[in-house]
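Participant: Numbering (the working numbering), first residue to last: 19 to 149. Glycine included, C-beta positions come from ideal geometry on N, C-alpha and C. Have a look at this one.
Right, here's the structure in full:
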């Protein structure tokens, strides 16, 4: 069941995958949805800086690509939850090594050591300094 926006126009598998996850926000959306299903407002708050318009657009694209499932609930008030499909979970597993590469090579997260002397990495234990 091929799902995609440019079916037949891809040069390779990476080209096809980048069409699905390309952009500034899709990776962060996928990262958040890996933890649990989110309602729209919750997801917007979990991805700081994203606008409602961009989030809605990306969620529609990810749903069209079979990555995200949109579940509507007939409750009062009505609400919608977004979660990963099995295809989305497989995509996140495939992206995990890329995330690890970025952490080690760009964020300096190799075992708590910073990339350059004097820099503090995200996972480093640092005493708080009153300022």
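Residue 105 by DSSP, collapsed to three states: which one?
Facilitator: helix
Participant: Grab the span of the beta strand (DSSP E) containing residue 65 for me, first residue to last.
Facilitator: In the DSSP assignment, residue 65 falls outside any beta strand (DSSP E), carrying neither H nor E.
Participant: How about residue 117: is its C-beta nearer than 8 Å to some C-beta of chain C?
Facilitator: No chain C is present in this structure, which holds just one protein chain.
Participant: Note down, in chain order, each residue of its chain lying with its Cβ closer than 8 Å to the Cβ of residue 98, except the 5 sequence neighbours on either side.
Facilitator: Excluding sequence positions up to five before and after residue 98, its CB lies within less than 8 Å of the CB of 57, 58, 88, 89, 90, 91, all in the same chain and listed in chain order.
Participant: Can you say whether residue 38 is buried or exposed, counting buried as having 16 or more other CB atoms within 10 angstroms of its CB?
Facilitator: buried
Participant: Alpha carbon to alpha carbon, how far is residue 63 from residue 28?
Facilitator: 34 Å
Participant: Which residues in the same chain have their Cβ closer than 6 Å to the Cβ of residue 81, if we skip the five residues on either side of it in sequence?
Facilitator: Excluding sequence neighbours, residue 81 sits near 88.
Participant: Taking three-plus beta-carbon pairs below 8 Å as touching, is the region 61-76 in contact with the region 41-50?
Facilitator: yes
Participant: I need the boundaries of the alpha helix (DSSP H) containing residue 220, first residue and last residue.
Facilitator: Nothing can be reported for residue 220: it is not among the residues displayed for the chain, which extend from 19 to 149.
Participant: Pick helix, strand or coil for residue 144, following the three-state DSSP scheme.
Facilitator: Bear in mind that a pLDDT of 46 at residue 144, under 50, signals an unreliable position, so the model cannot answer this.
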